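Worksheet for the structure shown next.
Number of protein chains: 2
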Amino acid sequence: MTKPFFVGLDVGGSAMKSGVVDDTGQPFPNVSLPTEAHRGQEFGLERMCETIRQAVGSAGLKMKDIAAIGVATPGTMDIPAGMILDPPNLKPWQNVPVRDHVQRIFNLPTAFQNDANAAAFGEFWAGAGKSAHSMVLFTLGTGVGGGIIIGDFVLEGQHSHGGELGHMKIEMSNPRQCGCGRWGCLEAYASATAVVKRCQEALQQPGISSSLQKFCPDLRNLSSRAIFDAAAEGDTLADKIVEDTAFYLAVGATNMMHSIDPDMIAYAGGMIAAGDNFLNRIRKHVHKLAFPVPAGKTQICYASLGNDAGFIGAAACARQLYGKLAGSKK
Amino acid sequence: MTKPFFVGLDVGGSAMKSGVVDDTGQPFPNVSLPTEAHRGQEFGLERMCETIRQAVGSAGLKMKDIAAIGVATPGTMDIPAGMILDPPNLKPWQNVPVRDHVQRIFNLPTAFQNDANAAAFGEFWAGAGKSAHSMVLFTLGTGVGGGIIIGDFVLEGQHSHGGELGHMKIEMSNPRQCGCGRWGCLEAYASATAVVKRCQEALQQPGISSSLQKFCPDLRNLSSRAIFDAAAEGDTLADKIVEDTAFYLAVGATNMMHSIDPDMIAYAGGMIAAGDNFLNRIRKHVHKLAFPVPAGKTQICYASLGNDAGFIGAAACARQLYGKLAGSKK
């Protein structure tokens with residue numbers, strides 16, 4: 001392991017994950033503690049610090065061995081201010097000064113970042129994007145998240161809304177409603193939740209026959225995993241759902257290729273368990289939708305760090321802050 | 331006027347425009363010469379140099395007074411290589427080494443940029459975006475072009491396709507075909523050409539009554555200007571076309587607010603003659619489509635440099651190159 005060492009913390013709706021990462025992006029063993037947001041934000045801030053302490057301990061290190069800390073949280077947020085504002089997944093928290101609290105407790109430089117942005121930065125630093133010059137990451141889970149890295153920097157945006165890629169509009173004339181309450185968002189088509197919903201709707205059409213009706217008699221229990229599995233086994237209806245999902249994701253990818261034009265587009269989250277066949281379907285649609293040069297040259301791949309991307313990316317933010325502070329001392 | 335001086339050249343399908351610009355973005359009087367692309371690329375390269383010479387002359391200067399040159403051209407292109415590749419608006423040119431030619435002829439540092447990117451950079455430096463930290467420009471003409479400026483840099487993209495905003499997909503289920511041959515692109519909905527086409531289609535519906543039928547009996551002569559004028563005078567059909575156009579542009583703006591999240595979104599090109607009423611319609615739709623924070627904070631406005639944005643932006647690229655070279659000499 002190469003010094004200096006950084007500690008990253010990824011705060012999620014159900015758990016917090018933290019680990020020490022070395023200067024080359026190699027992680028030490030990580031720890032997880034339940035978030036228990038319902039216990040309030042004071043408790044939450046203390047739980048963040050405790051998770052960081054345990055991570056440093058599980059690396060066999062002391063806090064004095066750590067050069068800087070990075071914390072990634074879900075939104076909404078004010079990144080320059082280091083605050084979570086009104087996070088839907090961390091109720092009832094409001095206006096939580098995460099960065100300043102952690103910085104004060106440990107007296108160490110502390111970086112703050114959106115969780116999907118941090119995951120993208122982690123993949124860019126130490127994962128699938130290691131050799132890329134710029135990268136767009138889509139995270140496919142309950143929702144669709146995103147992160148954009150250009151020239152070694154996270155595109156935070158002017159109002160901390162950079163990379164909210166699940167909420168780009170891809171349909172106008174017959175739009176689905178999104179979890180955000182608005183219409184036509186990518187997330188309303190291509191999240192795991194949307195895949196299940198679209199499949200449930202299709203199964204309710206009269207005269208439809210699918211193996212899913214047998215394997216999952218109560219459609220309320222349907223999962224995106226079951227749909228991808230049924231498609232892999234040749235179920236026509238499930239295959240159509242998967243094919244359409246690949247198309248929707250290709251529309252999202254194309255829109256990034258025609259605006260950001262990155263070196264790499266990567267996908268993370270539970271849905272990438274669908275494997276290479278699904279990735280190849282996305283690539284096939286991109287070739288039809290995008291201009292030939294970006295369609296031919298942009299790498300389209302899966303992320304490689306799994307659930308560790310968040311804390312590794314948070315550590316990458318810590319490392320960037322540390323380098324900036326070191327530079328400014330010259 | 332403040333030294334150093336830069337000369338910018340904006341190469342278009344029908345004319346080339348060039349002017350000297352001072353260090354603060356103030357332009358001297360500019361000159362235009364016909365492009366005459368059909369006479370071939372050797373002629374074209376000489377015409378570029380001649381336009382630059384005349385611009386310097388019309389500023390009352392000599393070439394030795396110029397610190398650097400910037401050239402902006404339409405695509406397709408390889409920006410780092412300084413080449414136009416296969417430009418649809420400059421047939422029969424192919425693989426034209428613009429930057430190296432101009433640099434050799436004048437023996438001055440020469441920057442090369444896409445014309446829409448240059449226009450965005452010009453507006454950012456010396457026009458509507460002067461006080462912005464980041465900006466997305468949409469140019470509304472025969473097509474829809476775009477340019478993205480983040481942190482003082484043009485987002486060129488990894489494959490010179492950054493800011494091709496006319497070709498973001500905004501419709502999947504019933505997409506219009508775009509001039510690029512693909513489907514569902516913003517340009518197929520919101521260019522001046524698309525506005526005319528959508529209006530012609532609407533006028534061909536049975537039982538339709540519109541003042542446009544009287545003022546423009548041959549629908550082949552319909553212009554976007556006539557449609558915006560008819561809407562302003564209360565024509566119901568024209569008003570619907572204009573309202574839908576504002577909605578399509580708001581979808582494009584929202585997609586940029588949820589990915590780039592810029593300080594400012596600006597519109598340029600002939601269609602902005604439609605005035606404040608049209609801009610307010612775009613803003614109204616953005617407030618429904620986008621998240622509250624970017625919807626409330628992102629400035630949405632018209633560009634201010636008109637047809638001069640291209641050469642002023644090309645000069646801005648020259649100035650940035652000059653600064654970089656000066657910096658690297660330290």
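Here the protein sequences come in this chain order: P and G. FYI, the numbering for the first sequence is 1 to 330, going by this note's numbering. FYI, the numbering for the second sequence is 331 to 660, going by this note's numbering. Glycine residues also receive a C-beta, built at the ideal position from the N, C-alpha and C atoms. None of these values were measured; they are calculated from a predicted model.
| query | result |
| --- | --- |
| Straight-line gap, G/GLY471 to G/SER521 (C-alpha atoms, nearest Å) | 6 angstroms |
| Close-in-space but distant-in-sequence residues of the same chain around P/ILE208 (CB under 8 angstroms, 5 per side omitted) | ALA202 and LEU237 |
| Any C-beta of chain P under 7 angstroms from that of G/LYS544 | no |
| Within-7 angstroms CB hit, P/LYS197 to chain A | Among the protein chains of the structure shown, namely P and G, there is no chain A. |
| G/LYS660 classed as buried or exposed, judged by whether at least 16 other C-beta atoms fall within 10 angstroms | Reliability fails at G/LYS660, whose pLDDT of 43 lies under 50, so the model's placement of it is uncertain and the value that follows must be treated cautiously. G/LYS660 should be labelled exposed. |
| Contact the segment 25 to 33 of chain P vs the segment 68 to 76 of chain P: 3+ CB pairs below 8 angstroms | no |
| C-beta atoms of P/ILE52 and P/SER18 nearer than 7 angstroms | yes |
| P/VAL11 versus G/VAL432: straight-line alpha-carbon distance, rounded | 54 angstroms |
| P/SER191 - DSSP class collapsed to helix/strand/coil | coil |
| Nonlocal neighbours in the same chain, by C-beta distance under 8 angstroms from P/ALA111, ignoring five residues either side | ALA68, ILE69, GLY70, VAL71, ARG99, ALA314, CYS317, ALA318, GLN320 and LEU321 |
| Contact under 7 angstroms by Cβ, G/HIS463 with P/HIS167 | no |
| Ranges of the beta strand (DSSP E) found wholly within the segment 353 to 439 of chain G, counting only runs of at least 3 | 361 to 364 and 396 to 403 |
| P/VAL251: contacting residues in chain G (beta-carbon distance under 7 angstroms) | LYS499 and MET502 |
| Reduced DSSP secondary structure (H/G/I, E/B, other) of P/CYS185 | strand |
| Residues near P/TRP93 in its chain [Cβ-Cβ closer than 7 angstroms; skip 5 each side] | ALA37, GLN41, GLY44, ILE84 and PRO87 |
| With 16 other Cβ atoms within 10 Å as the buried cut-off, status of G/PHE300 | Since the first and last residues shown for chain G are 331 and 660, residue 300 of chain G lies out of range. |
| Neighbour list for P/PRO88 in chain G, Cβ cutoff strictly below 7 angstroms | The premise fails here: P/PRO88 is roughly 12 angstroms from chain G at the closest Cβ pair, so nothing lies under 7 angstroms. |
| Extent of the continuous alpha helix (DSSP H) run through G/GLN543 | 541 to 545 |
| Where P/GLU164 meets chain G, residues with beta-carbon distance less than 9 angstroms | MET587, HIS588, SER589, ASP591, PHE621 and PRO624 |
| Contact between the segment 258 to 267 of chain P and the segment 282 to 296 of chain P (3+ Cβ pairs under 8 angstroms) | yes |
| Buried versus exposed, by CB contacts within 10 Å (16 or more), P/PRO80 | exposed |
| Straight-line Cα distance separating G/PHE483 from G/LEU391 | 29 angstroms |
| Opening and closing residue of the alpha helix (DSSP H) in which P/ILE149 lies | From DSSP, P/ILE149 is part of no alpha helix (DSSP H) but of the beta strand (DSSP E) over 144 to 150. |
| P/CYS199, DSSP secondary structure in three states | helix |
| Counterpart residues of G/GLY277 in DSSP-defined beta bridges | Since the displayed chain G opens at 331 and closes at 660, residue 277 of chain G lies outside it and no answer follows. |
| Three CB pairs or more closer than 8 angstroms across the segment 239 to 250 of chain P and the segment 275 to 284 of chain P | yes |
| Test: P/HIS159 CB closer than 7 angstroms to a CB of chain G | yes |
| Within-7 angstroms CB hit, G/SER464 to chain P | yes |
| CB-CB length for P/THR254 against P/VAL286, believed under 8 angstroms | 6 angstroms |
| Close beta carbons around G/GLN356, own chain, < 7 angstroms, minus the five adjacent residues each side | MET331 |
| First through last residue of the alpha helix (DSSP H) which encompasses G/ALA598 | Premise fails: G/ALA598 lies in the beta strand (DSSP E), 594 to 598, not in any alpha helix (DSSP H). |
| Through-space distance from G/GLY511 to G/VAL438, alpha-carbon basis | Note that residue 438 of chain G is Leu in the sequence shown, not Val. Using only the alpha carbons, I get a separation of about 40 angstroms. |
| Cross-chain neighbours of G/LEU655 in chain P, by beta carbon under 9 angstroms | Per Cβ cutoff of 9 angstroms: no residues; G/LEU655 is ~19 angstroms from chain P at best. |
| Which listed residue (G/ILE480, G/LEU467 and G/VAL350) has its alpha carbon closest to that of G/ALA450 | G/LEU467 |
| For P/GLN299 and G/LEU420, the rounded distance between their alpha carbons | 30 angstroms |
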